[in-house]
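One structure is given here, and the rest of the page talks about it.
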Amino acid sequence: MGFQERPGYCSYCKKNTLIRAQTPNHVLHLILSIVTSGLWLIVWIILSIRVKEWHCGQCGQRILATFGDTAGVIGSHTKKIKECIYCGAKNRLEDYTCMKCRKPLL
Ligand SMILES: [Zn+2]
Ligand SMILES: [Zn+2]
């Protein structure tokens, strides 16, 4: 079993991090398919199209839905930040004061 890594957002760490998913061992599946004279192909296909389970590379928590393989590049719709006009610090959208300079955010 190998690992696939890509950038993603972890809702537990509340930040963008590397998320991981196990990738199917295609060599193993190929051998099994040959051994079972093609029967294993069905299992292989099911495993391949099944939505991967992504886990946070830092805390190990499962990344919930939304970031399927078809979700595309992560980041474009997760950039909900308020930039502080005083110091330029990036704050969360729900914050009302800058986490760096404590001045009110617009
Ligand atoms: Zn995490
Ligand atoms: Zn600031």
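All you need for our numbering is the position in the sequence shown, starting with 1, plus 25. Backbone N, C-alpha and C fix where the C-beta goes; we use that ideal spot for every residue, glycine too.
Give me the DSSP bridge partner(s) of residue i.
| i | result |
| --- | --- |
| Glu119 | Note: Glu119 sits in no beta bridge, so no partner. |
| His80 | Arg45, Arg87 |
| Lys107 | Asn116 |
| Lys40 | Cys35 |
To which residues of the same chain is residue i closer than 8 Å at the C-beta, ignoring the five residues directly before and after it?
| i | result |
| --- | --- |
| Cys123 | Cys109, Tyr111, Cys112, Ala114, Asn116, Pro129, Leu130 |
| His80 | Ile44, Arg45, Ala46, Gln86, Arg87, Ile88 |
| Asp120 | Lys107, Leu130 |
Does ligand 2 have even one heavy atom less than 7 Å from the beta-carbon of residue i?
| i | result |
| --- | --- |
| Lys128 | yes |
| Ala46 | no |
| Lys125 | yes |
Have a look at residue i and residue j and give me their C-alpha separation to the nearest angstrom.
| i | j | result |
| --- | --- | --- |
| Gly85 | His51 | 24 Å |
| Cys126 | Pro49 | 48 Å |
| Glu78 | Leu72 | 12 Å |
| Gly33 | His54 | 28 Å |
| Leu118 | Lys105 | 6 Å |
| Arg31 | Arg75 | 18 Å |
By the DSSP assignment, the beta strand (DSSP E) with residue i in it spans what residues?
| i | result |
| --- | --- |
| Pro32 | 27-35 |
Looking only at its chain, what residues have a beta carbon closer than 6 Å to the beta carbon of residue i, apart from the 5 residues adjacent to it on each side?
| i | result |
| --- | --- |
| Cys35 | Thr42, Cys81 |
| Trp65 | Leu57, Ser58 |
Taking residue i as part of the alpha helix (DSSP H), name the residues at either end of that continuous run.
| i | result |
| --- | --- |
| Leu53 | 51-60 |
| Thr72 | Reading off the sequence shown, one finds Leu at residue 72, where the question assumed Thr. Per DSSP, Leu72 belongs to the alpha helix (DSSP H) from 65-74. |
Within the same chain, show all residues whose beta-carbon is closer than 7 Å to that of residue i, passing over the 5 residues directly before and after it, in chain order.
| i | result |
| --- | --- |
| Cys38 | Cys81, Gln83, Cys84 |
Would you check whether ligand 1 has a heavy atom nearer than 7 Å to the C-beta of residue i?
| i | result |
| --- | --- |
| Tyr34 | no |
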